[in-house]
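J.: Here it is, the structure, as C-alpha cells.
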Amino acid sequence: MKNLHYHSRRHLFAAILGFSCLVIVLTALLLTPRHEASSHLLTPPPAGLSMTTPETPLSYSPILTWDTDDEAVMYEIEFFTKKPEHLSPAKNSDESVFRTRSIYQNAYNAPLREFAADQLGSRTEPVYWRVRALDFNGTPYTPYSDLAVLYTSPDLPPMDAPVLTAEYGGGRGETLLYPVYTWIGQTTAASYEVAIYAVNPEDDPDAVPIETLTSDMAEIYDPQAHYGSAPFYWRVRSFDGEGNPMGQWSRVRSFRTDPADDWQVAVLGDSISHGGHFSYSPAVFSFSWLHYLDFPAINLSQSGDTSGMTAERFDRDVLPFHPRYLIIMTGSNSLRAGEDTDAVIADLETMRQRCLENGICPILVTLPAINPENIDHVFEEPTADDWQERFDAVNAYIRTHTYIDMAAAIPTQNGLLPTQYALDGLHPDANGKALMGAYVNSVWPEVRAAADQEMQEYENGLPQDEP
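Going by the UniProt record's numbering, the sequence shown opens with residue 1, and the numbers climb by one from there.
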C-alpha cells in the first residue's frame, strides 16, 4: 500500500466537528469560564497514584499515573521539593514549585530536571506531588489527592519513547475498522509520527510503513480502514520543536480485524457509535455502547460521518465482512447542520436496500436527542433551529422498518439530551453509553427476529414497505 501522510479534508471536517480536537477546544473554552452544575468537590480525589520508595524509585524522567476518572476532562498536578506543612485539598499551594493542568489522560511524564534538579537521585530528599480532576470549564470537581512521594534513581533509563495505550481486540466492542491510536507522550515533544505496518518492524528492521500519520497530540484517528487475515502493527516516535526525532520508536503493538472471523453483527455509523466523546477517544471502551452488548459486534463506524458519508462507504466497508445483521445509526451530524430530511432518509434507504440485496439484515436505529446549548458550549457550533422536527421526521421513517429505538434509551429533559449523560450535548458519556448498550440488549431478541422475518419476506419476493 502506498505510504500516506495524513492531512485529508475528511480529517479536517472531523476536527471541525470536534471529535478529536481536544486541546484546541479546551484552550478556547478555558478562556471563557461558564457555570457548570456538576462542578463541585464532593467526588473523591484521584486514587491509585504511582508509589515509590528509596528502594523502588523511578527514573529522572518518570511516568506518573493514577486511576482514570471517566468524568474528568483534564487533570491538574502540583510538585513540591519539600513536604508542605499545611495543604488545602481544595486550593493550589503557594509552596508548589511546578504546576500544570495540560494533562488529558491519567498519566504524566514529569519534567523533573526543570524544577527539581537538586532532588534527583536523593534518597533523603524526595519530590512530592498531588493531582486533582477538572471539569470542562477547568473548574476542580475533586479535591487534590494526598501527597505522593517520588524517589528517583540515575540507574533507571529515562523515558525516551512514547508509551502506547490503545489496545484492540481484547473484549466486546474492541474491534474497530477505523482504529484510533493513543499513547503517553514525552512532555517536551512538539509532535508525533505514527507508523502502521503489515509486518512487525521489530522482527523486520527493513519493514516499510503502509501508512504514516502525524499529530501534535497524543492521539490520532486513522482515516483508513484496516482489515485482513494478518495483524497490523503500529508504533510512535516523538519530534522536538525543530522537527528532529526525540529518543527511540515506541514498542510495537498490533491489532487484527479479519472478515473471516464470521462477524454476525456489525455496527455502521458516526462518532456516536465509533466511541468516545470530546475528551475521550474510541480507544477508551467505556465510552462505546458496543462495549456493553451481550453479544460480539464489529465496529465499522467512523467519526465525522454524515449520513451521505456513511452511505458512500457502505460497499467498501460493510460487504467484505458480510455480517448477518447490520445495525445502522447515522444522520445526527447531517440533521443538526440543517441537511434536508429527505436526503438523510434517502441515504438510510439506500443502505437498507443494499443490505437486503446482499443478504444482510438491516436494522436501523433511531437518533437520540441532542442538546444544542451544550454543543455550542463545547464545540462552538450552531444547531439548526428546527432540529427536533428534523430528527422526528427521520425517526418516523426509521420506525417503519426493523429498528432499535435508541432515542428511548436515554431519558430526555424537555426533549433534550441531559448534561448528566452527555456533557458535550452530542456524544453520550460512559453512563449514557451503558444505557444505550443495555437498551439494545433488552430488545435484541425481538429485533433480531423481526430482521430475520424481513429478510425472509425479501427473499420470498414479498412487497417491502415504502419509506
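Note that the Cβ used here is the ideal one computed from N, Cα and C, for glycine as well.
Can you find the residues in the same chain that come closer than 6 angstroms, C-beta to C-beta, to E459, ignoring five residues on each side of it along the sequence?
T.: Here the set comprises nothing.
J.: Express the C-alpha separation of T100 and G304 in angstroms, rounding to a whole number.
T.: Looking at the two C-alpha atoms, the distance is approximately 31 angstroms.
J.: Quick one, which of N299, E193, Y151, G228 has its alpha-carbon nearest L58's?
T.: Of the listed residues, the one whose Cα sits closest to L58 is Y151.
J.: Three or more C-beta pairs under 8 angstroms: does that hold for the region 120 to 134 against the region 211 to 222?
T.: They do not touch, by the three-pair rule.
J.: Report the rounded CA-to-CA distance for Y421 versus R172, giving the unit in angstroms.
T.: About 22 angstroms.
J.: Closer than 7 angstroms by C-beta to V25: which residues in its own chain qualify, once you throw out the five before and the five after it? Chain order, please.
T.: A caution first: V25 carries a pLDDT of 38, below 50, which makes its placement in the model unreliable, though a value can still be read off. G18, F278, V378, F379.
J.: Put R253 into one of helix, strand or coil per three-state DSSP.
T.: R253: strand per DSSP, three-state reduction.
J.: Using the beta-carbon count (16 or more within 10 Å), is D135 buried or exposed?
T.: D135 should be labelled buried.
J.: Measuring only the C-alpha atoms, how far is D347 from W444?
T.: D347 and W444: Cα-Cα distance of roughly 24 angstroms.
J.: State the CB to CB distance for the pair A72 and A133, rounded to an integer number of angstroms; the pair is presumed to be in contact (CB under 8 angstroms).
T.: Between A133 and A72 the Cβ distance is about 4 angstroms, and since that is below 8 angstroms, they are a contact.
J.: Would N244 be called buried (16 or more neighbouring beta carbons within 10 Å of its own) or exposed?
T.: Looking at its Cβ environment, which holds fewer than 16 other Cβ atoms inside 10 Å, N244 is exposed.
J.: Comparing C-alpha positions only, which one of K433, I404, A260 sits nearest to A449?
T.: Minimum Cα distance to A449 is reached at I404.
J.: Give every residue of the same chain whose Cβ lies closer than 6 angstroms to the Cβ of E193, excluding the five residues on either side of it in the sequence, and list them in chain order.
T.: Contacts found: T214, R237.
J.: Helix, strand or coil, according to DSSP, for S59 in the structure here?
T.: In this structure, S59 counts as coil in the three-state DSSP scheme.
J.: Within the continuous alpha helix (DSSP H) that includes I345, where are the two ends?
T.: Segment 341 to 357, the alpha helix (DSSP H) holding I345.
J.: Can you list the beta strand (DSSP E) stretches of 3 or more residues lying completely in the region 56 to 109, in chain order?
T.: Entirely contained in the region 56 to 109, the beta strand (DSSP E) runs reaching 3 residues are, in chain order, 63 to 65, 74 to 80, 98 to 103, 107 to 109.
J.: Straight-line CA distance for Y75 to N371?
T.: Approximately 26 angstroms, taken between the alpha carbons.
J.: Exposed or buried, M436, counting other C-beta atoms within 10 Å across all chains shown (16 or more means buried)?
T.: Buried is the call here.
J.: Under 7 angstroms, Cβ to Cβ, is there at least one residue of chain D near S215?
T.: Annotation note: the requested chain D is absent from the structure, which comprises a single protein chain.
J.: Per DSSP, Q413 is paired with what?
T.: Q413 is bridged to L416.
J.: Where does R130 sit, in a helix, a strand or coil, going by DSSP?
T.: Three-state result, R130: strand.
J.: Which class does Y292 belong to by DSSP, given the choice of helix, strand or coil?
T.: The answer is helix: DSSP assigns Y292 an H, G or I state.
J.: DSSP state of M217, grouped into three classes?
T.: Correct three-state label for M217: coil.
J.: On the three-state DSSP scale, how would you describe H322?
T.: Note: H322 maps to coil in three-state DSSP.
J.: Judging by CA-CA distance, which residue of Q248, T419, T188 is the nearest neighbour of E202?
T.: Answer by Cα proximity: Q248.
J.: For F136, does the three-state DSSP call read helix, strand or coil?
T.: Note: F136 maps to coil in three-state DSSP.
J.: Which residue comes first and which comes last in the beta strand (DSSP E) that contains F239?
T.: Segment 232 to 239, the beta strand (DSSP E) holding F239.
J.: Which residue marks the beginning of the alpha helix (DSSP H) containing E373, and which one marks its end?
T.: From DSSP, the alpha helix (DSSP H) with E373 extends over 372 to 379.
J.: On the DSSP letters alone, give me the boundaries of the alpha helix (DSSP H) that E312 sits inside.
T.: Here the alpha helix (DSSP H) through E312 covers 307 to 312.
J.: Are the Cβ atoms of M351 and I328 separated by less than 7 angstroms?
T.: In this structure, I328 lies closer than 7 angstroms to M351 by Cβ.
J.: In the DSSP assignment, the beta strand (DSSP E) including A396 goes from what residue to what residue?
T.: No beta strand (DSSP E) holds A396; the alpha helix (DSSP H) holding it covers 387 to 398.
J.: According to DSSP, I184 sits in a beta bridge with which residue or residues?
T.: In DSSP, I184 forms a bridge with V163.
J.: Just confirm the distance between the C-beta atoms of V394 and G461, as a whole number of angstroms; I'd bet it's less than 8 angstroms.
T.: So it is not a contact: roughly 28 angstroms between Cβ atoms.
J.: State the Cα-Cα distance for the pair V149 and T306, rounded to the nearest angstrom.
T.: Using only the alpha carbons, I get a separation of about 49 angstroms.
J.: Give me the DSSP bridge partner(s) of N299.
T.: According to DSSP, N299 bridges with L176, V267.
J.: CB D294 to CB N441, shorter than 7 angstroms?
T.: Closer than 7 angstroms, so yes.
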